[in-house]
Every structure is written in C-alpha cells, then in structure tokens.
Amino acid sequence: MFTIDDLAAHEILDSRGRPTVKASLLLSSGHSGTVSVPSGASTGIHEAHELRDGDPQRYRGKGCLKAVNSVRHIRAEAASRPWRSQQELDNFLIDLDGTPNKSRLGANAVLAVSLAFARAVAGAKGQSLWRHFASLRTDGASMPAQLPSPTINLFSGGVHAGKQVALQDVLVLPLPARPIDEQMAAMAEVYACAVDLIARDYGQRNLTADEGGLAPPFKNTHEMLAQADSCCRAAGLEPGIDYRLAIDAAASHFHVDGRYHVDGKDLSAGELVSLYRIWCRDYPMHSIEDGLAEDDWTGWQELCAELGDSTIVLGDDLLCTNPNRIRRAAGSACANALLLKVNQIGTLSEAQDALELARGYGWHVVASARSGETEDDWLADLAVGWQADNIKVGSITQSERLAKYNRLLYLGNHKPFGSGAGRLA
Ligand code: PGA
Ligand code: ZN
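The opening residue of the sequence shown carries number 657 in the numbering used here; numbering runs sequentially from there.
Okay, here's the thing in structure tokens:
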C-alpha cells in the first residue's frame, strides 16, 4: 500500500523552449518522485490530448497552467488514499478524467502523476527505476539481461527541420549489439563524419533540427539517405555488418488529398512503397517508421506485404501506443513493430498494455522520446526495464537527448549490465 501525502506540479521549459509539466509526488513513507513529461511536434491525430492554455498572450497559447491545475485537482482526489498498485492509480486517473483521450485533465498532467508515482514507489522499494518498471510486467517477461540498442538520428527533415525534404529522420543503428560504450563511440564517429561532410558538401556548419539531427539543404530524399550511408562508411563501418539505416518518414505530414508529396512528385501509396523497396535494396535498411499516413490502413497493408518479411515496419502515428489501434494493425497485417511513446496514451499502465500486446504478436518494440524533451532520463529506465529492442532518443548531441544515453552508459558500466559495482544500478 502506498499513500500519497503530497503532489504538486509546475511549468518548466522543454528543449524547444516551450512549456511542459513537471510533477513531484510524496508518499507517506517519505519517498518522493519527480518527473518531467515530453511533448511532440510531429504528433499523431489519435494521440491522447495534451492540455495547453490557449492564451495567445502567454507562450503563444502553449502554456501548461491548466495542466498544472489538473494536477492540483488530482491531488485533492488522490491524496491520503491507499494505492495498492500502479494499475490502481492509473485506473483512477483514467476514470477521473472520464474522456476517451484525456482531454479533460490533459495527458501531460495525467502522465506526470502516473510516472511520478512510479518513481516514488521505486524509491520506497529501494529499487532502481528500471527494476521497478521490469517488476510491473504482467506477461511473465524475465528480468532484463541486456540494454536496448540506440537508434541515432543523423539527418532530419520534415516538420523537425523546416520541411526542406519530406523524410523526417534518417537514423543509424550500430550493429551487432556491442557494449553500449562501443556503440556510442561508433555513433559519435559517424556523427563527426556527418559534420565534416556537411562542411565539405554544403559549406555549412552543423545546424541541427529539433532532435539534434543535422539538417543541410538536401536536394531530395535519395541524397539524404546516400549521404547518411556515406557518413557511416567514412567512419570505417561496413554496411549490414557494423551498421544499419532506418527512416522515420512521418508520412502523415506529406500526405495531401490521398497522395504523398515526395521530391516534387505526387505519389500513390503503391508508388511510395516501391520507393521504399528500392531503398531497402540499395541500403542496409533496418526499419521504416510511419512509411504511410496515420489512417492509410490499406497503404500500410501493402507496405507490410511487400517488405514486412525483411524489414521492420514500425508504427508511430499509426498506432499512437494505443492498444485498440495495435489490435487493428495486427489483425489486418499493417505493421510488425511498435514505437512506444508513453505520452501518446497518457498513463504508464496503458502504455504497458500496448507493450504487452505488441510482444504477444511477436512485434519488435522501440521505446521513443519526443522531439520536445527535458533533462529527465526516465525513458532510459523504461526502455531497459521493459526490454525494448531499441531506444530512439534523437542525435548524440543536446543534453535532453544525452540524459537518456548517459543513463544507458551508466547502466552499461554497472552490474547486472556491466562489470562495475552492482548495487548502484
Ligand atoms: P514528435 O515525433 O515530434 O511528435 O515527438 C517524433 C517522431 O515522429 O518519432
Ligand atoms: Zn515517428
């Protein structure tokens, strides 16, 4: 039993300088948990509702004082009551909100409370946060034995970089799974090669996009991919042996009137899938995220039928970490992997349902940050505790990204994931 003695929230600024919510929760045992929630820009229309003030005089309408107020309301209802579990608290938050998409209290308020409770309970149990997350699993998953492998955002386009090119991200994955220190060192070299390449080919210094990806004026999507591949080779890596590439197309953002605007052309879903087939032939592609628009279910089916045997077909805006949409996608063979973003659904327990459902289908799972992030590192613990295959945090620059990677580096250097001191991890 855990009793909440106090709960408070305030606005902080995220990596884009926009407000978000930070909440602190105190248990009667004296243990507390403080958590900051992230915020997307390339958001899916089926995500839970992020409550913003809408006052144009303040933060251009993006203030979070209403969400802070929601936390006060939750405090009034939840304090002094005994909570047996995370699930019980989350069910209460869902009922208190009472809407299908958390639009009354705001998913930003609800998630801040849900996660702050998890962090406080981990403290009360004397456990690392990743161990506590692992202990929440209800599907019989064993304790994690290894860390998720990072996917590094190398180049950005789309809404994260002023739409100079349609594709939102080209990412690099280190292979095979080596110690996290080696993976990060290899990726740092690729990033350094990309900085050199941009100076040489575009005469630019390293201007970065929202997630720290480099964003030179690529002529087209082919160039964006080819240059990413060149950077990996320049770093001395062998395609398919030392690295793979991934894309997050975020295709909803270039989908207009049923057609896909790519490189000055209007493509049908089938033509776009053919383009992906060529990229999978020419490059060591690991995964395609949001290859089609969020409600183009038949397009997704075509993509999965065409490439799903050899490539990870990853749903972000398609699935929105929502169990109902995951069920539909699995039932109609539209995807074979889940991008897990806890704030897309709003509580830890619902995100866990999404995870366990996806695992039940045998899907690949990528735990993901948002483009608007904070210095909080809970995502690293979540990705480890819930045994995500990959963690997607952005590039290896900017402290809001590095907070997560540096947490992985810490865990990778301590038992049980590394050889350093055990009790610390
Ligand atoms: P976000 O999107 O801007 O909504 O966080 C990132 C992504 O598409 O993965
Ligand atoms: Zn995405």
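Ideal Cβ positions, reconstructed from N, Cα and C, are used throughout, including at glycine.
What do you get for residue i, buried or exposed, if any count of 16 or more other CB atoms within 10 angstroms of its CB means buried?
{"i": "His-666", "result": "exposed"}
{"i": "Val-912", "result": "exposed"}
{"i": "Thr-794", "result": "exposed"}
{"i": "Asn-764", "result": "buried"}
{"i": "His-816", "result": "buried"}
{"i": "Asp-751", "result": "exposed"}
{"i": "Glu-1006", "result": "buried"}
{"i": "Ile-897", "result": "exposed"}
{"i": "Gly-673", "result": "exposed"}
{"i": "Asp-922", "result": "exposed"}
{"i": "Ile-701", "result": "exposed"}
{"i": "Leu-948", "result": "buried"}
{"i": "Gln-713", "result": "exposed"}
{"i": "Leu-682", "result": "buried"}
{"i": "Ser-924", "result": "exposed"}
{"i": "Pro-830", "result": "buried"}
Short of 8 Å in beta carbon distance, which residues of its chain neighbour residue i, apart from the five on each side in sequence? Order them along the chain.
{"i": "Leu-669", "result": "Pro-675, Thr-676"}
{"i": "Phe-874", "result": "Phe-811, Gly-813, Gln-820, Val-821, Met-880, Gln-883"}
Look at the Cβ atom of residue i, then the Cβ atom of residue j, and state whether they are nearer than 8 Å.
{"i": "Tyr-916", "j": "Ala-907", "result": "yes"}
{"i": "Tyr-1061", "j": "Val-1049", "result": "yes"}
{"i": "Gly-814", "j": "Leu-803", "result": "no"}
{"i": "Ser-1051", "j": "Asn-809", "result": "yes"}
{"i": "Cys-887", "j": "Leu-853", "result": "yes"}
{"i": "Ala-801", "j": "Val-691", "result": "no"}
{"i": "Asp-904", "j": "Asp-946", "result": "yes"}
{"i": "Glu-1029", "j": "Glu-1056", "result": "yes"}
{"i": "Gly-779", "j": "Ser-688", "result": "yes"}
{"i": "Leu-1038", "j": "Val-1022", "result": "no"}
{"i": "Ala-891", "j": "Glu-962", "result": "no"}
{"i": "Ser-805", "j": "Asn-980", "result": "no"}
{"i": "Ser-966", "j": "Cys-936", "result": "yes"}
{"i": "Ala-842", "j": "Leu-785", "result": "no"}
{"i": "Glu-958", "j": "Val-929", "result": "yes"}
{"i": "Thr-864", "j": "Ala-871", "result": "yes"}
{"i": "Gln-1043", "j": "Ala-664", "result": "no"}
Give me the DSSP bridge partner(s) of residue i.
{"i": "Tyr-916", "result": "His-911, Leu-923"}
{"i": "Glu-667", "result": "Val-677"}
{"i": "Trp-739", "result": "Phe-658"}
{"i": "Asp-825", "result": "Ser-812, Asp-904"}
{"i": "Glu-945", "result": "Asp-904, Leu-970"}
{"i": "His-687", "result": "Looking at the DSSP assignment, His-687 forms no beta bridge with any residue, so it has no partner."}
{"i": "Gly-1028", "result": "Ser-695"}
{"i": "Leu-899", "result": "Sequence check: residue 899 is Tyr here, not Leu. BP columns for Tyr-899 point to Pro-830, Pro-895."}
{"i": "His-1020", "result": "Ala-993"}
{"i": "Ser-805", "result": "Asn-1046"}
{"i": "Thr-977", "result": "Looking at the DSSP assignment, Thr-977 forms no beta bridge with any residue, so it has no partner."}
{"i": "Thr-864", "result": "Leu-870"}
{"i": "Ser-682", "result": "Note that residue 682 corresponds to Leu in the displayed sequence, not to Ser. Partner(s): Asp-662, Ser-688."}
Does at least one heavy atom of the ligand ZN sit under 7 Å from the Cβ of residue i?
{"i": "Ala-993", "result": "no"}
{"i": "Ala-822", "result": "no"}
{"i": "Ile-805", "result": "According to the sequence shown, residue 805 is Ser rather than Ile. Checking every heavy atom of the ligand ZN against the Cβ of Ser-805, none is found closer than 7 Å."}
{"i": "Asp-618", "result": "This structure leaves residue 618 out entirely; the chain is present only between 657 and 1081."}
{"i": "Glu-945", "result": "yes"}
Short of 7 Å in beta carbon distance, which residues of its chain neighbour residue i, apart from the five on each side in sequence? Order them along the chain.
{"i": "Leu-1004", "result": "Gln-742, Asp-746, Ser-770, Leu-771, Ala-774, Val-998"}
{"i": "Met-799", "result": "Ala-790"}
{"i": "Arg-760", "result": "Asp-753, Gly-754"}
{"i": "Leu-792", "result": "Gln-742, Gln-1008"}
{"i": "Arg-623", "result": "No answer is possible for residue 623: it lies beyond the span of the chain, which begins at 657 and ends at 1081."}
{"i": "Ala-1014", "result": "Ile-982, Leu-994, Val-1021"}
{"i": "Val-826", "result": "Leu-810, Phe-811, Met-880, Leu-881, Ala-884, Leu-901, Ile-903"}
{"i": "Tyr-715", "result": "Arg-674, Pro-675"}
{"i": "Phe-910", "result": "Ala-822, Tyr-916, His-917, Val-918"}
CB-CB under 6 Å to residue i, same chain, minus the five flanking residues each way: which ones, in chain order?
{"i": "Asn-757", "result": "Ala-704, His-705"}
{"i": "Gly-1078", "result": "Lys-1071"}
{"i": "Trp-739", "result": "Phe-658, Leu-745"}
{"i": "Ser-943", "result": "Ala-902, Ile-968, Leu-970"}
{"i": "Cys-976", "result": "Gly-700, His-702, Glu-703, Gln-1000"}
{"i": "Ala-986", "result": "Tyr-1017"}
{"i": "Gly-1076", "result": "Asn-1069, His-1070"}
The ligand PGA and residue i: does any heavy atom of the ligand fall closer than 7 Å to the residue's C-beta?
{"i": "Thr-699", "result": "yes"}
{"i": "Gly-813", "result": "no"}
{"i": "Asp-904", "result": "yes"}
{"i": "Asp-972", "result": "yes"}
{"i": "Arg-1026", "result": "yes"}
{"i": "His-816", "result": "yes"}
{"i": "Gly-696", "result": "yes"}
Can a CB atom of chain B be found closer than 8 Å to the CB of residue i?
{"i": "Lys-758", "result": "The structure shown contains no chain B, having only a single protein chain."}
Just to check, is the beta-carbon of residue i closer than 7 Å to a non-hydrogen atom of the ligand FAD?
{"i": "His-702", "result": "Although the ligand FAD was asked about, the structure shown includes only the ligand PGA and the ligand ZN as ligands."}
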